Amino acid sequence: MYSRTTRPISQRGIRMFLRIRAATMAMAVATAGAVVIAAAPASASVSQGYVAGSGTWTDDWNDEGPISASTRSYNNVVAMWQKILVADGYLAASGVDCRFGAVTTAATKRWQSDRGLVSDGVVGPRTLARAATRLSTYEGDNWFYYDGLGSNFIYFGRLPDGRWDMSLGPDLEWKPLAYTSATFSICS
Numbered sequence: 166m167y168s169r170t171t172r173p174i175s176q177r178g179i180r181m182f183l184r185i186r187a188a189t190m191a192m193a194v195a196t197a198g199a200v201v202i203a204a205a206p207a208s209a210s211v212s213q214g215y216v217a218g219s220g221t222w223t224d225d226w227n228d229e230g231p232i233s234a235s236t237r238s239y240n241n242v243v244a245m246w247q248k249i250l251v252a253d254g255y256l257a258a259s260g261v262d263c264r265f266g267a268v269t270t271a272a273t274k275r276w277q278s279d280r281g282l283v284s285d286g287v288v289g290p291r292t293l294a295r296a297a298t299r300l301s302t303y304e305g306d307n308w309f310y311y312d313g314l315g316s317n318f319i320y321f322g323r324l325p326d327g328r329w330d331m332s333l334g335p336d337l338e339w340k341p342l343a344y345t346s347a348t349f350s351i352c353s
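Heads up: the sequence shown begins at 166 in the working numbering, then just goes up one per residue.
Laid out in structure tokens, this is it:
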């Protein structure tokens with residue numbers, strides 16, 4: 166059985182997080198060149214069944230996907246993508262259902278177009294790599310957040326075996342980002 170401890174986020178923690186975010190971003194910009202040069206490429210594939218990576222986390226999403234209305238259209242990775250669309254203001258929160266349908270396709274095309282990508286509605290390595298530019302570390306190793314529009318954050322973890330997981334649902338349940346199953350309680 167999959168289990169992950171949730172980390173409650175206090176108001177004090179959020180304020181402290183926002184304060185250090187500016188300093189962290191400056192440090193990240195200063196070290197980005199060195200990280201890119203030193204980073205070994207991630208070695209994930211959809212056949213592994215999960216969003217996964219090894220070594221540095223900064224390139225873990227660069228070789229993931231595709232997901233779309235016609236390819237792997239019902240799973241936890243779709244829920245992750247839908248949460249990114251919600252965080253960036255392209256999809257209503259009620260649209261997160263783990264199904265890559267017409268509304269998710271339209272929102273994906275708008276998101277891609279606004280970022281200068283081919284707006285084909287397919288979430289593949291280029292789209293996920295662009296989304297990954299909004300990822301930052303949170304409270305140390307293997308905890309991350311996606312910094313969406315305004316103060317819309319999504320929290321992720323990377324397990325010791327390299328699989329990524331995410332917190333979602335009314336109970337903030339942690340589930341691995343699987344291409345083969347839809348296990349969040351909101352997936353109906």
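Virtual Cβ for every residue (Gly too), placed ideally from N, Cα, C.
Just so it is clear, the structure is predicted and the values come from calculations on it, not from any experiment.
The beta strand (DSSP E) enclosing Pro341, as first and last residue numbers: Glu338 to Pro341
For Val243, three-class secondary structure by DSSP: helix
Sequence-distant residues of the same chain with beta carbon closer than 8 Å to Gly260, five excluded per side: Gln247, Leu250, Val251, Val268, Thr269 and Ala272
Span of the beta strand (DSSP E) around Trp329: Looking at the DSSP string, the run of the beta strand (DSSP E) that includes Trp329 is Trp329 to Leu333.
Neighbourhood of Tyr320 by C-beta distance below 6 Å, restricted to the same chain and skipping five residues each side: Tyr310 and Ser332
Pick from Cys263, Gly266, Asn307 and Phe318 that is closest to Ala296, judged by C-alpha positions: Phe318
The region 214-222 contacting the region 275-288, beta-carbon criterion three pairs below 8 Å: no
With 16 other Cβ atoms within 10 Å as the buried cut-off, status of Asp330: buried
Presumed contact (8 Å Cβ cut-off) between Ser238 and Arg264, rounded CB distance: 7 Å
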